[in-house]
Structures are given as structure tokens and as C-alpha cells.
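Its first residue numbered 1369, the sequence shown is counted upward by one per residue in the working numbering.
Where is the CB? At the ideal position from N, CA and C, for every residue including glycine.
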Amino acid sequence: MGITMARNATYQLRLDETLKQESFSVFHDLGMTPAEGMRIFLTMVAKTKSIPFSIEHKPNSETIKTIEEAKRGENLVVCKDMDDLFNKLSI
């Protein structure tokens, strides 16, 4: 017999209607409710302390160029301290 945790917290989520329909259809096909699917997802996030699937990030060409320049020490802004940084950022 498994341990049942109290379900006493709620969370609302706004999403695009198409995403809702497509994802709810998958949950239905898997024989679960959307709430059960979200509970499974959140349980895995809590257990693994991460997103439970691979997320690939591919930087765009401008970001790649900026990273390469920084590695070469080009176009860097050097600040003496936080005040200097805020001054250069105009904040």
C-alpha cells in the first residue's frame, strides 16, 4: 500500500489554447488527467532537482560572436566596482 500525500495546494497556469488541446490529448491517450501528468512532472523535478528531460540550447549567431569576442578579450567593459558598473549601465 503506497503513501498518499495530502493535495492541499493549487497552482494555476495560463497557456495557449493550441498547446492546451494538444497536450491534454496526449494525457488522454496515456489514460491520465492533465493534473496527473503535471503531478508526475513536478514530482520528477522535485526528485531530480532538474528538468526531467534534455533541454538543448543553441545560441544564435550574435551570441556566438559575442562569446568568441569575450574569449579573445575583445569588446569587454571593465569596471572598478559596482558603482562604476552602474554608472556605465546608466542605472
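Secondary structure at aspartate 1449: coil, using DSSP grouped into helix, strand and coil. Between glutamate 1437 and asparagine 1428, the C-beta spacing is not below 8 Å.
Residue state for methionine 1400 is assigned as coil, using DSSP reduced to three classes.
For lysine 1456 and aspartate 1449, the gap between their C-alpha atoms comes out near 11 Å. Remark: C-beta atoms of proline 1402 and phenylalanine 1409 do not approach each other more closely than 8 Å.
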